[in-house]
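S.K.: Sharing a structure below in structure tokens format, with a few things to ask.
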Amino acid sequence: MNPVRIIIVLVAAASAIGLAMLMQKAMGGKSAKSEVVASAPGAPTLDAKPMTLVLVAKRDLAIGTRLTKDDVDWKAWPADAVSPVYITNGAASVEPQGAAKVVKTAAEATGVLGGAPPEAAVEGAIVRDPLLAGEPIVPRKIVRGGEGGYLSVVLSPGTRAMAVPVTSETAAGGFILPGDRVDVLMSRDAPNGDGASGGKQVIAETVLQNIRVLALDQATTAEKDAKTIVAATATLEVRPAEAEALTRAKAAGPVTLALRAYTDLGGPSGVAAPTQDSTVIRINRGGQTSSIAVRQ
5 MNPVRIIIVL
15 VAAASAIGLA
25 MLMQKAMGGK
35 SAKSEVVASA
45 PGAPTLDAKP
55 MTLVLVAKRD
65 LAIGTRLTKD
75 DVDWKAWPAD
85 AVSPVYITNG
95 AASVEPQGAA
105 KVVKTAAEAT
115 GVLGGAPPEA
125 AVEGAIVRDP
135 LLAGEPIVPR
145 KIVRGGEGGY
155 LSVVLSPGTR
165 AMAVPVTSET
175 AAGGFILPGD
185 RVDVLMSRDA
195 PNGDGASGGK
205 QVIAETVLQN
215 IRVLALDQAT
225 TAEKDAKTIV
235 AATATLEVRP
245 AEAEALTRAK
255 AAGPVTLALR
265 AYTDLGGPSG
275 VAAPTQDSTV
285 IRINRGGQTS
295 SIAVRQ
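In the working numbering, the protein residues as written are 5 to 300.
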């Protein structure tokens with residue numbers, strides 16, 4: 005065979021083999037790339053977990069803090085990590101597979117509020133245990149009006165809650181509301197100092213002053229637009245020494261609450277200073293003598 009033809013045949017064979025290898029390599033790379041592309045749409049599906057909104061503390065909240073809307077915020081939370089005691093918005097923010105379970109869990113979590121809107125339910129509540137910024141708000145860490153332990157949380161440090169019987173006449177006609185400040189007065193009968201027969205001496209004195217009213221009956225807050233509350237008992241915030249003075253006053257006779265003016269809220273508070281000896285004014289009407297002691 006002609007050497008030239010042999011060379012041409014060899015070159016053609018080598019070219020064919022090289023072309024086949026290139027085509028095989030190209031087909032294999034496309035297949036791998038197709039597998040990668042095919043798996044890409046599935047990646048977001050794995051990452052897109054069901055999420056819901058959980059009510060959290062917007063800042064660090066100390067014990068005794070009265071919550072406002074500015075103290076709480078909504079935060080996206082993995083639905084599979086939502087505890088039944090978390091306060092949620094009751095719905096998932098995405099709808100991947102399993103979202104129905106998320107909505108059910110969120111609804112159960114929202115149920116701890118008794119059906120009330122979350123923001124409205126926590127507004128005005130008192131922090132019972134410290135909360136850190138970003139920490140979910142849970143019912144056991146807050147207490148709302150009407151719930152057990154509410155008064156023990158709202159009491160100022162070192163004070164006590166003590167109830168006294170009242171009527172509309174002894175409580176400023178019902179115009180005293182929770183949160184107001186009052187003076188506590190005591191009145192009692194005393195024998196005439198001169199031994200006059202048939203006479204009566206009534207002594208009235210201020211026992212406590214500038215005392216905060218915690219509740220009237222079981223109401224710790226007044227209804228919206230309420231101007232009066234006619235109650236049978238008033239719960240007052242007192243210190244131990246004031247509680248002793250109030251107990252003695254209740255045992256001696258009826259007590260009366262005098263509503264203080266708003267401008268007098270910054271005045272002295274506590275047990276009233278002892279008064280000096282009284283001056284007795286004797287009044288004779290139709291043969292009946294009565295005496296009134298006036299404290300100087």
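Using N, Cα and C, we set each Cβ at its ideal position, and we do this for glycine too. Every value quoted in this text rests on a predicted model; they were computed, and no experiment measured them.
From the DSSP output, in three-state form, read off residue 301 for me.
M.R.: This structure cannot speak to residue 301, because the chain is shown only from 5 to 300.
S.K.: Indicate the three-state DSSP secondary structure (helix, strand or coil) for residue 163 in the structure shown.
M.R.: Translated into the one-based positions of the sequence shown, residue 163 becomes position 159. Reduced to three states, the DSSP call for residue 163 is coil.
S.K.: Rounded to whole angstroms, what is the Cα-Cα separation between residue 7 and residue 23?
M.R.: Residue mapping note: residue 7 aligns to position 3 of the sequence shown, counting from 1. Residue mapping note: residue 23 aligns to position 19 of the sequence shown, counting from 1. Cα to Cα, residue 7 sits roughly 24 angstroms from residue 23.
S.K.: Measuring alpha carbon to alpha carbon, tell me which residue in 182, 155, 237, 61 is nearest residue 172.
M.R.: Looking up residue 172 in the sequence shown gives position 168. Measuring from the Cα of residue 172, the nearest candidate turns out to be 237.
S.K.: Let me know the secondary structure DSSP gives residue 89 once reduced to three states.
M.R.: Position 85 of the sequence shown, counted from the first residue, corresponds to residue 89. Coil, per DSSP.
S.K.: Please confirm whether residue 76 and residue 141 have their CB atoms less than 8 angstroms apart.
M.R.: For the purposes of this step, residue 76 is taken as the residue at position 72 of the sequence shown. For the purposes of this step, residue 141 is taken as the residue at position 137 of the sequence shown. Yes; because the gap between Cβ atoms is below 8 angstroms, this pair is in contact.
S.K.: In whole angstroms, what is the alpha-carbon distance linking residue 239 and residue 247?
M.R.: The residue you call residue 239 lines up with position 235 of the sequence shown. The residue you call residue 247 lines up with position 243 of the sequence shown. Between residue 239 and residue 247, the C-alpha separation is close to 12 angstroms.
S.K.: In terms of residue numbering, what span does the alpha helix (DSSP H) encompassing residue 258 cover?
M.R.: Against the sequence shown, residue 258 aligns to sequence position 254. First-last for residue 258: undefined, no H or E at that position.
S.K.: I'd like to confirm the pairing. Which residues does DSSP put opposite residue 147 in its beta bridges?
M.R.: As a position in the sequence shown, residue 147 is number 143, starting the count at 1. 130.
S.K.: Over what stretch of residues does the alpha helix (DSSP H) that includes residue 155 continue unbroken?
M.R.: Locating residue 155 in the sequence shown gives position 151, counting from the first residue. That run of the alpha helix (DSSP H) goes 154-158.
S.K.: Considering residue 215, what are the terminal residues of the beta strand (DSSP E) in which it resides?
M.R.: What you label residue 215 is simply residue 211 of the sequence shown in a count that begins at 1. Unbroken beta strand (DSSP E) run through residue 215: 205-220.
S.K.: Out of curiosity, what's the CA-to-CA distance linking residue 72 and residue 164?
M.R.: Counting from 1 along the sequence shown, the entry for residue 72 is found at position 68. Counting from 1 along the sequence shown, the entry for residue 164 is found at position 160. C-alpha of residue 72 to C-alpha of residue 164: approximately 26 angstroms in a straight line.
S.K.: Tell me, please, which residues DSSP counts as bridged to residue 186.
M.R.: Residue 186 sits at position 182 when you count from the first residue of the sequence shown. Residue 186 is bridged to 215, 263.
S.K.: Can you say whether residue 244 is buried or exposed, counting buried as having 16 or more other CB atoms within 10 angstroms of its CB?
M.R.: Position 240 of the sequence shown holds residue 244. Burial call: exposed.
S.K.: Terminal residues of the continuous beta strand (DSSP E) containing residue 56?
M.R.: As a working note, residue 56 is residue 52 in the sequence shown. Start and end: 55-61.
S.K.: May I ask which residues mark the beginning and end of the beta strand (DSSP E) holding residue 69?
M.R.: In the sequence shown, counting from the first residue as 1, residue 69 sits at position 65. Unbroken run through residue 69: none, as it is neither H nor E.
S.K.: Beta strand (DSSP E) containing residue 309: first to last residue?
M.R.: Residue coverage of the chain in this structure runs from 5 to 300, which leaves residue 309 outside it and unanswerable.
S.K.: For residue 168, write down the residues that DSSP places opposite it in a beta bridge.
M.R.: If you number the sequence shown from 1, residue 168 lands on position 164. DSSP output for residue 168 lists 238 as bridge partner(s).
S.K.: Rounded to whole angstroms, what is the Cα-Cα separation between residue 43 and residue 54?
M.R.: In the sequence shown, counting from the first residue as 1, residue 43 sits at position 39. In the sequence shown, counting from the first residue as 1, residue 54 sits at position 50. Its pLDDT being 46, under 50, residue 43 is placed unreliably in this model, and the coordinates cannot settle the point.
S.K.: Rounding to the nearest angstrom, what Cα-Cα distance links residue 143 and residue 225 in this structure?
M.R.: Reading the sequence shown from its first residue, position 139 is the one you call residue 143. Reading the sequence shown from its first residue, position 221 is the one you call residue 225. In a straight line, the C-alpha of residue 143 is about 20 angstroms away from that of residue 225.
S.K.: So, is residue 90 buried or exposed, given that buried needs 16 or more other C-beta atoms within 10 angstroms?
M.R.: If you number the sequence shown from 1, residue 90 lands on position 86. Result: buried.
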